[in-house]
Amino acid sequence: MKFYVILPFSFLMLAFIAPAEDAVQTDRVDQLKEQWQQALERVRKPVDAKYRTELKTLINLYTKSGNLELANKAQRNLELLDQNIGGFSFTGKWRATVDSTGWNEMRSVSDTHVVTADGNMHTYKVQGSYVRIDFGGGNWDRLKIDPKNLNVLRGENTAGYKLTYSRVSE
């Protein structure tokens, strides 16, 4: 497999080229997708770090100058950056399972809320490499984002039960 790096307009684009006969003989879709995700991660990390640093600088400058509207705007962008860590998006449909009992339910996730099977809406936040869902009354689920498998999250809840969230659809 040959890799070509193309840099038009300062954007990094990878072109993966494999001989057609190799692709026909073996299923390489998953392997190709993993290589693509790893390449994106390598490129994204330094860009995200620079963006994060600049946003923090702007938040401090705007706060000191009293321009809270722009400080809040920069803060919202910083939070969005944290929510999209490594290309991860929590939006979609997930099956939440308690590992020890097998209890499970489908949960729909929007940009801001998790909707449980009973129709209740709960807030969530992506913080670093974790997702925290707040159910109210001090109850929560805390899930670890695995950059190698963004479709399965493992963690625990307030009661100490081990959980698995499996993505069903995006």
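Numbered per my numbering, the sequence shown spans residues 10 to 179. Glycine included, every Cβ here is placed at the ideal spot set by N, Cα and C.
- The straight-line gap separating the alpha-carbon atoms of TYR170 and TYR139 is approximately 16 Å.
- In the structure shown, ALA126 adopts coil according to DSSP, grouped into three states.
- Judged by their CB atoms, ILE142 and VAL123 are nearer to each other than the 8 Å cut-off.
- Boundaries of the beta strand (DSSP E) around ASN158: 158-166.
- Non-local beta-carbon contacts of GLY164 in its own chain, meaning distances under 6 Å to residues more than five positions away in sequence, involve ARG151, LEU152, LYS153, LEU172 in chain order.
- A distance below 8 Å separates the beta carbons of LEU90 and ASP57.
- For ARG176, the closest C-alpha among the options ASN113, ASN166, LEU49 is that of ASN113.
- Minimum Cα-Cα distance from LYS42 among the listed residues ASN166, ASN158, THR167 corresponds to ASN158.
- Under the DSSP definition of a beta bridge, ASP108 lacks any partner.
- Annotation for ARG37: no beta strand (DSSP E) segment contains it, and DSSP assigns it neither H nor E.
- With a 10 Å radius around the Cβ and a threshold of 16 neighbouring Cβ atoms, TRP103 comes out buried.
- Distance between ASN129 and GLY137, taken at the CA atoms: about 26 Å.
- A direct Cα-to-Cα measurement between TYR60 and PHE144 gives close to 32 Å.
- Residue burial annotation: ARG51 is exposed, with fewer than 16 other C-beta atoms found within 10 angstroms of its C-beta.
- Ranked by Cα distance from VAL161, the options GLN84, ALA168, GLU78, GLY101 are led by GLY101.
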